[in-house]
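**Student:**
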Amino acid sequence: MDWLEGAGQTHRLTQVRRTTQQGLLAAALAVREGRDMKTVLAANTFNNRTSWNGAGFRLQDAAATQANTGLLAWAIANDIAQRQGPVVILTPDGSNAIIRAALATVQTRQWTRNNGATFGPYPHTWDRHDNEEANALLADIALPETASYADLRALLTPLAGHAPIAQAINRMDRLRRAHGQAAFTAAQVTEFVLESVRNRSRLGFRQQRGHLVMTIQRAKNREFPNVIVLWPHTATGGAEHLRRLLYNGITRAQNHCTVIVLGQNRMNVPPFAP
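The sequence shown begins at 1009 in this note's numbering and counts up one residue at a time.
1) Would Ser1204 and Ala1176 be called neighbours here (beta carbons separated by less than 8 Å)?
2) What is the DSSP secondary structure of Leu1098, counted as helix, strand or coil?
3) Can you give me the Cβ contacts of Ala1105 inside the same chain, cut-off strictly under 7 Å, excluding the 5 residues immediately before and after it?
4) Write down the C-beta distance between Val1039 and Leu1238 rounded to the nearest angstrom, noting that I regard them as a contact closer than 8 Å.
5) With a threshold of 7 Å on Cβ separation, who are the neighbours of Thr1116 within its own chain once the five nearest residues in sequence on each side are excluded?
6) Suppose only complete runs of 4+ residues qualify. What are the alpha helix (DSSP H) ranges in the stretch 1141-1167, listed by chain order?
7) Under the DSSP definition of a beta bridge, which residues are partnered with Leu1270?
8) Is DSSP giving Ser1204 helix, strand or coil here?
9) Does DSSP classify Leu1220 as helix, strand or coil?
10) For a quick check, are the C-beta atoms of His1264 and Gly1062 less than 8 Å apart?
11) Rounded C-beta distance between Leu1220 and Thr1133? I'm assuming under 8 Å.
12) Starting from His1132, trace the beta strand (DSSP E) both ways and give me its first and last residue.
13) Run through DSSP, which three-state label would Ala1243 get?
14) My assumption, with CB atoms under 8 Å, is that Ala1081 sits in contact with Val1114. Please give the rounded CB distance.
15) Evaluate Gly1016 with the Cβ neighbour count: other Cβ atoms within 10 Å of its Cβ, from every protein chain shown; 16 or more gives buried, anything less gives exposed.
16) Between the stretch 1176-1194 and the stretch 1149-1159, do three or more beta carbon pairs fall short of 8 Å?
17) If we count the other Cβ atoms within 10 Å of its Cβ and call it buried at 16 or more, is Asn1273 buried or exposed?
18) Give me the residue from Gly1031, Asp1135, Thr1027 with the minimum Cα distance to Thr1223.
19) Please report the straight-line C-alpha distance between Ile1097 and Met1045, rounded to a whole angstrom.
20) Relative to the C-alpha of Arg1026, which residue among Gln1196, Arg1206, Pro1233, Ala1190 is closest?
21) Would you mind listing the alpha helix (DSSP H) stretches within the stretch 1026-1061 that are 4+ residues and don't spill past its ends, in chain order?
22) Helix, strand or coil: how does DSSP classify His1137 here?
23) Arg1340 and Pro1279: beta carbons closer than 8 Å?
24) If we ignore side chains and look at the alpha-carbon of each, how far apart do Leu1164 and Asp1138 end up?
25) From Pro1131 to Glu1013, what does the alpha carbon distance come to, in whole angstroms?
26) Would Asn1256 be called buried (16 or more neighbouring beta carbons within 10 Å of its own) or exposed?
Written out as structure tokens, the structure is:
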């Protein structure tokens, strides 16, 4: 390191930045420091609804309830319509019923603006954990407790269009030829499929096209051009934990991030304000 310091012109990287959008950077920094996000953004009121905006960033609320998820669905679809390229939707609570219902509407509904222009529907997929992906691939297969390679190959071949299934078949075949293993257990087959899914995820082969939905925790260490963060009242934890979650969600964005807060009058408390 001493040699490297004097070997050429040195520029120290002191701050991680995946974006140059100043509004997005300012909002993320305010969250990180526990300040009021709204003070670094410009308020804009339209049709009696206020949003706070900066370059590459928007903060708004949606008065959605279990009985009326349409407001949230419209807010999500309207934001997707304004972005270029795919959008990734993040939330701290992937099981929230209001969010699930709103996203189901976004999948199928088309909206019409006052000028007659339409937008939506916007199909999307949930980015699942590796074990969830593996379990989904094997969900419709009744694996026997123990079976021969030939029997398992016949059982799995109809699903060999999925790369992890094909790789599991190939792995069993190699073990049969190289080590003489004649039979395999259901647990072994499941582990072969799971290991293949893990490897494909690690090497970046599990990239789905179009819009994605995932938890903020799932998005850690990843980046996306456009992000929508859906923040429900079911996000739990202390103020510092909530700030870290929101900061992690915001900083996944490269070009634009919109934070939609479920419910009203919730932006004067953590993680949006001290």
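Here a beta-carbon is modelled for each residue, glycine too, at the ideal position from N, C-alpha and C.
**Tutor:** The relevant details are as follows:
1) For the purposes of this step, residue 1204 is identified with residue 196 of the sequence shown, where counting begins at 1. For the purposes of this step, residue 1176 is identified with residue 168 of the sequence shown, where counting begins at 1. Going by C-beta atoms, Ser1204 is nearer than 8 Å to Ala1176.
2) Looking up residue 1098 in the sequence shown gives position 90. Strand, per DSSP.
3) Indexing the sequence shown from 1 puts residue 1105 at position 97. Gln1074.
4) Here the question's residue 1039 lines up with position 31 in the sequence shown. Here the question's residue 1238 lines up with position 230 in the sequence shown. Between Leu1238 and Val1039 the Cβ distance is about 16 Å, and since that is not below 8 Å, they are no contact.
5) For this step, residue 1116 is matched to residue 108 along the sequence shown. Hits under 7 Å: Pro1129.
6) 1157-1164
7) Here residue 1270 is taken as the residue at index 262 of the sequence shown, counted from 1. Answer is Ala1070, bridged to Leu1270.
8) Your numbering for residue 1204 matches position 196 in the sequence shown. Here Ser1204 sits in helix by DSSP.
9) Counting from one through the sequence shown, the residue named residue 1220 turns up at place 212. Correct three-state label for Leu1220: strand.
10) Residue numbering aside, residue 1264 sits at position 256 when the sequence shown is read from its first letter. Residue numbering aside, residue 1062 sits at position 54 when the sequence shown is read from its first letter. Not closer than 8 Å, so no.
11) Along the sequence shown, read from residue 1 onward, the residue named residue 1220 stands at position 212. Along the sequence shown, read from residue 1 onward, the residue named residue 1133 stands at position 125. That belief holds up - the Cβ atoms of Leu1220 and Thr1133 are roughly 6 Å apart, short of 8 Å.
12) Position 124 of the sequence shown holds residue 1132. 1132-1134 is the span of the beta strand (DSSP E), which, as asked, contains His1132.
13) Here residue 1243 is taken as the residue at index 235 of the sequence shown, counted from 1. Reduced to three states, the DSSP call for Ala1243 is coil.
14) Position 73 of the sequence shown, counted from the first residue, corresponds to residue 1081. Position 106 of the sequence shown, counted from the first residue, corresponds to residue 1114. Indeed they touch by this definition, with Cβ atoms about 5 Å apart.
15) As a working note, residue 1016 is residue 8 in the sequence shown. Counting Cβ neighbours within 10 Å, Gly1016 comes out exposed, since fewer than 16 surround it.
16) yes
17) To locate residue 1273, count along the sequence shown from 1; it is residue 265. So Asn1273 ends up on the exposed side.
18) Translated into positions along the sequence shown, residue 1223 becomes position 215. Of Gly1031, Asp1135, Thr1027, the residue nearest in Cα terms is Asp1135.
19) Residue mapping note: residue 1097 aligns to position 89 of the sequence shown, counting from 1. Residue mapping note: residue 1045 aligns to position 37 of the sequence shown, counting from 1. Rounded to the nearest angstrom, the two C-alpha atoms are 20 Å apart.
20) The residue you call residue 1026 lines up with position 18 of the sequence shown. Nearest of Gln1196, Arg1206, Pro1233, Ala1190 to Arg1026, Cα basis: Pro1233.
21) 1030-1040
22) Taking the sequence shown and counting its residues from 1, one reaches residue 1137 at position 129. Coil, per DSSP.
23) In the structure as shown, the chain begins at 1009 and stops at 1282. Residue 1340 is therefore absent and cannot be evaluated.
24) Walking along the sequence shown from the start, residue 1164 turns up at place 156. Walking along the sequence shown from the start, residue 1138 turns up at place 130. Distance between the alpha carbons of Leu1164 and Asp1138 is about 19 Å.
25) Position 123 of the sequence shown holds residue 1131. Position 5 of the sequence shown holds residue 1013. Distance between the alpha carbons of Pro1131 and Glu1013 is about 51 Å.
26) The residue labelled residue 1256 in the question sits at position 248 within the sequence shown. So Asn1256 ends up on the buried side.
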